[in-house]
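Comments concern the structure below.
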Amino acid sequence: MNEKKDSELEIKQNESIDNKLVIKDNNKTFQNLNLKQWLIDQCLKLAIKSPTPVQTECIPEILKGNDVIAIAETGSGKTATFVLPILHQLFQDPYGIYALILTPTRELAYQISQQFKSLGRSASIRVCLITGGQDLAKESRELLTKPHIVVSTPGRMAHHIESKNIILNKIKFLVMDEADRLLEDNFNSQIEQIFKVIPENRQTLLFSATSTNVLKSLPSSSNRKPFVYGLDTQPTTVTELDQRYIFMPANMKDAVLFSLIDKFEQKNPYSLIMVFTNTCKYCQVLKMVAMNVGLKCVCIHSLMKQKDRIDSLNRFKSNIVKILFATDVASRGLDIPAIDLVVNHNVPTRAKDYVHRVGRTARAGRVGSAITLVNQFEVNLLHSIEDSIGKKLIEKKANNDEILKILTEITVLKRGSEIKLEEIEFGDKRKKKRKIV
Numbered sequence: 026m027n028e029k030k031d032s033e034l035e036i037k038q039n040e041s042i043d044n045k046l047v048i049k050d051n052n053k054t055f056q057n058l059n060l061k062q063w064l065i066d067q068c069l070k071l072a073i074k075s076p077t078p079v080q081t082e083c084i085p086e087i088l089k090g091n092d093v094i095a096i097a098e099t100g101s102g103k104t105a106t107f108v109l110p111i112l113h114q115l116f117q118d119p120y121g122i123y124a125l126i127l128t129p130t131r132e133l134a135y136q137i138s139q140q141f142k143s144l145g146r147s148a149s150i151r152v153c154l155i156t157g158g159q160d161l162a163k164e165s166r167e168l169l170t171k172p173h174i175v176v177s178t179p180g181r182m183a184h185h186i187e188s189k190n191i192i193l194n195k196i197k198f199l200v201m202d203e204a205d206r207l208l209e210d211n212f213n214s215q216i217e218q219i220f221k222v223i224p225e226n227r228q229t230l231l232f233s234a235t236s237t238n239v240l241k242s243l244p245s246s247s248n249r250k251p252f253v254y255g256l257d258t259q260p261t262t263v264t265e266l267d268q269r270y271i272f273m274p275a276n277m278k279d280a281v282l283f284s285l286i287d288k289f290e291q292k293n294p295y296s297l298i299m300v301f302t303n304t305c306k307y308c309q310v311l312k313m314v315a316m317n318v319g320l321k322c323v324c325i326h327s328l329m330k331q332k333d334r335i336d337s338l339n340r341f342k343s344n345i346v347k348i349l350f351a352t353d354v355a356s357r358g359l360d361i362p363a364i365d366l367v368v369n370h371n372v373p374t375r376a377k378d379y380v381h382r383v384g385r386t387a388r389a390g391r392v393g394s395a396i397t398l399v400n401q402f403e404v405n406l407l408h409s410i411e412d413s414i415g416k417k418l419i420e421k422k423a424n425n426d427e428i429l430k431i432l433t434e435i436t437v438l439k440r441g442s443e444i445k446l447e448e449i450e451f452g453d454k455r456k457k458k459r460k461i462v
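The number in this note's numbering is simply the position in the sequence shown, starting from 1, with 25 added.
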């Protein structure tokens with residue numbers, strides 16, 4: 026398939042809905058939740074037949090007008106939990122801008138906008154996506170049309186507020202998806218700027234896969250008593266996930282990774298693999314090494330143009346390539362049901378980051394595997410994660426003879442890739458941007 030066609034591929038709408046194999050509450054139906062019939066019909070068209078526990082508990086509260094703080098594991102249907110009642114309420118009093126959805130990453134914002142379009146397709150709702158990496162003038166023109174739903178990252182929304190391109194004083198809903206991340210210090214100034222221009226009588230919905238002390242403190246400090254779901258839940262992983270680790274010296278980690286990928290691909294030629302690493306540069310390096318050893322792969326990190334990030338996701342999700350290298354920019358919210366293996370190239374420093382990473386597999390009742398590569402400097406981090414999630418990871422032994430055979434080749438390819446990135450001044454935003462080789 027040529028590159029032009031690759032870039033034109035779109036993520037399949039019905040696969041991105043918090044999908045049909047999610048564990049359901051068999052005693053409830055969407056009719057029981059008093060949603061409008063056209064929404065129920067649209068759910069059925071997308072093979073969403075029954076509500077999940079978080080949907081069963083939270084949707085009625087949202088329809089009552091209550092604020093909601095909900096913590097639910099990855100793949101549990103959180104996005105549809107706020108999309109459905111917002112669409113239900115919107116068409117009792119349709120106007121724009123009706124709802125503002127904030128999320129920490131561009132990829133998640135894109136996915137949420139697609140879910141609004143999919144579930145609201147029969148009602149012709151207008152959804153506007155506002156993220157970095159897009160044309161500002163085009164976004165401004167689209168905002169002037171007063172779309173029903175605006176999905177945005179905080180920084181980009183703050184920019185439009187400063188430029189007076191958007192009026193938010195009549196919004197009915199504010200949704201903060203991945204709220205634990207949005208309430209961290211690095212988003213403070215942007216969130217405060219947004220809160221200054223939205224009405225106090227709005228309905229606020231906060232969703233996350235992991236609870237934090239900040240989230241736990243909100244119910245007692247709020248003037249409006251919110252409905253709370255799963256707030257005391259500790260970071261945890263699903264029972265369908267097989268979790269293992271491989272221990273090796275630091276200088277052998279890359280060789281272990283590519284040996285692992287090779288063996289997994291041989292046994293599972295149609296499966297998707299997602300590899301997480303901790304920096305944009307290492308993500309790019311691993312992708313370059315993988316291509317040099319003949320692996321078809323893509324990568325996603327924050328230094329890529331938005332168009333290229335979406336294109337990488339589309340190619341991966343459409344099974345054109347089987348391997349995705351990513352930083353934590355892709356660890357939250359992305360729903361790619363067919364991922365069978367997640368590899369942590371580094372041990373995350375926080376348990377909740379581990380939970381989000383491995384949550385890309387074993388989604389919606391499916392089984393999946395997660396393997397974390399641990400060197401001699403990361404043992405304490407692994408133990409901390411095990412303590413937090415209440416589970417000991419199983420050790421997986423590496424075949425040292427096989428790894429030693431490829432160690433020199435991988436080391437040379439890695440160094441060559443690093444030199445190429447140094448030559449194009451990769452990652453230095455102050456320098457003139459040059460094409461990555």
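Where a beta carbon is used, it is the ideal one built from N, C-alpha and C, also for glycine. Only a predicted model underlies this, so the values are computations on that prediction, with no experimental measurement involved.
Cβ-Cβ distance between residue i and residue j below 9 angstroms
i      : j      : result
Ser245 : Ile96  : no
His370 : Asn303 : yes
Glu203 : Leu133 : yes
Asn59  : Pro85  : yes
Leu193 : Leu125 : yes
Pro251 : Ile94  : yes
Leu328 : Phe451 : yes
Ile196 : Ile122 : yes
Val175 : Leu169 : no
Ile410 : Val281 : no
Val222 : Phe301 : no
Thr386 : Met299 : yes
Met273 : Asn405 : no
Phe283 : Ile431 : yes
Counted within 10 angstroms of its Cβ, other Cβ atoms place residue i as buried (16 or more) or exposed
i      : result
Pro119 : exposed
Gly441 : exposed
Gly415 : exposed
Thr156 : buried
Tyr270 : buried
Lys103 : buried
Arg249 : exposed
Arg146 : exposed
Ile444 : exposed
Ala162 : exposed
Leu407 : buried
Glu447 : exposed
Pro110 : buried
Thr433 : exposed
Asp257 : exposed
Thr262 : buried
Glu403 : buried
Cα-Cα separation, residue i to residue j
i      : j      : result
Lys49  : Val239 : Model confidence at Lys49 stands at a pLDDT of 48, short of 50, so the residue's coordinates are unreliable; what they give is reported in the following sentence. The alpha-carbon atoms of Lys49 and Val239 are separated by roughly 29 angstroms.
Ser101 : Cys322 : 28 angstroms
Leu115 : Gly90  : 13 angstroms
Ile396 : Ala376 : 15 angstroms
Val47  : Ala275 : Because the pLDDT at Val47 is just 42, under 50, the model does not fix this residue reliably, and the value given afterwards should be weighed accordingly. Between Val47 and Ala275, the C-alpha separation is close to 38 angstroms.
Pro78  : Leu320 : 40 angstroms
Arg334 : Pro373 : 22 angstroms
Asn344 : Ala363 : 9 angstroms
Ser149 : Val392 : 36 angstroms
Ser165 : Gly180 : 15 angstroms
Leu338 : His326 : 11 angstroms
Cys83  : Gln56  : 15 angstroms
Lys189 : Pro172 : 16 angstroms
Ala355 : Gln140 : 17 angstroms
Val380 : Asp279 : 23 angstroms
Leu266 : Gln291 : 21 angstroms
Identity of the residue in the options nearest residue i by Cα
i      : options                       : result
Val346 : Ala355, Val354, Asp336        : Asp336
Thr128 : Ile219, Asp333, Lys142, Gln56 : Ile219
Gln331 : Cys83, Gly158, Ser75          : Gly158
Asp287 : Cys305, His381, Met316        : Met316
Phe232 : Ser296, Met182, Val108        : Val108
Asp92  : Leu64, Met201, Arg388, Asp353 : Met201
Beta carbon proximity, residue i to chain B, threshold 9 angstroms
i      : result
Glu265 : Going by chain labels, chain B is absent from the structure shown, which holds only one protein chain.
8 angstroms contact criterion, which residue i and residue j should meet: CB distance rounded
i      : j      : result
Arg206 : Arg357 : 7 angstroms
Arg131 : Thr178 : 6 angstroms
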